[in-house]
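Numbering (my numbering), first residue to last: 5 to 131. In this text, a Cβ means the ideal position worked out from N, Cα and C, and glycines have one as well. Computed from a predicted model, the values in this text were never measured in an experiment. Before any comments, here is the structure.
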């Protein structure tokens, strides 16, 4: 796969995976900033894209300290999860690996848990 990106298989349909992830984020008090159906947007201009949804989400209490310590982290925050379906119909969730973001932006070790929470959230969404 792509370096710096974690990709996890979902046993659920794309629609169900998006729904489960949204419900999970809402239950944890995580703000969903946007849900972008990229396949629908492609369709609107006459192009075809396999089912692909980008979710942008975060918690300012967690993200703000990261951006204070490492201002360039704002390029990658809020967190994003790409829920997509491959050519075989398998559904995946891809996101920037927290260690990659830490290295890319020189995020202090003590703030890594603020972004590493995405690992547990994705694991719960695909359970």
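Problem set entry | 8 Å contact criterion, which residue 15 and residue 126 should meet: CB distance rounded | The residue labelled residue 15 in the question sits at position 11 within the chain shown. The residue labelled residue 126 in the question sits at position 122 within the chain shown. Contact between residue 15 and residue 126 is ruled out by a C-beta separation of about 13 Å, above the 8 Å threshold.
For this session: Can you grab the Cα-Cα spacing for the pair residue 102 / residue 120, in whole Å?
Result: Within the chain shown, residue 102 is the residue found at index 98, counting from 1. Within the chain shown, residue 120 is the residue found at index 116, counting from 1. Rounded to the nearest angstrom, the two C-alpha atoms are 5 Å apart.
Exercise. Residue 13: buried (16+ other C-beta within 10 angstroms of its C-beta) or exposed?
Worked result: Stepping through the chain shown from its first residue, residue 13 is reached at position 9. Exposed, since its Cβ has fewer than 16 Cβ neighbours within 10 Å.
Exercise. Taking the beta strand (DSSP E) that residue 1 falls in, what are its first and last residues?
Worked result: Because residue 1 is not part of the residues shown, which for the chain are 5 to 131, the question remains open.
For this session: With DSSP as the reference, label residue 32 as helix, strand or coil.
Result: As a position in the chain shown, residue 32 is number 28, starting the count at 1. In the structure shown, residue 32 sits in coil (DSSP, three-state: anything other than H, G, I, E or B).
Problem set entry | Endpoints, the alpha helix (DSSP H) within which residue 68 is located | Indexing the chain shown from 1 puts residue 68 at position 64. Residue 68 -> alpha helix (DSSP H) spans 64-73.
Problem set entry | the region 106-122 / the region 17-30 touching (three or more Cβ pairs under 8 Å) | no
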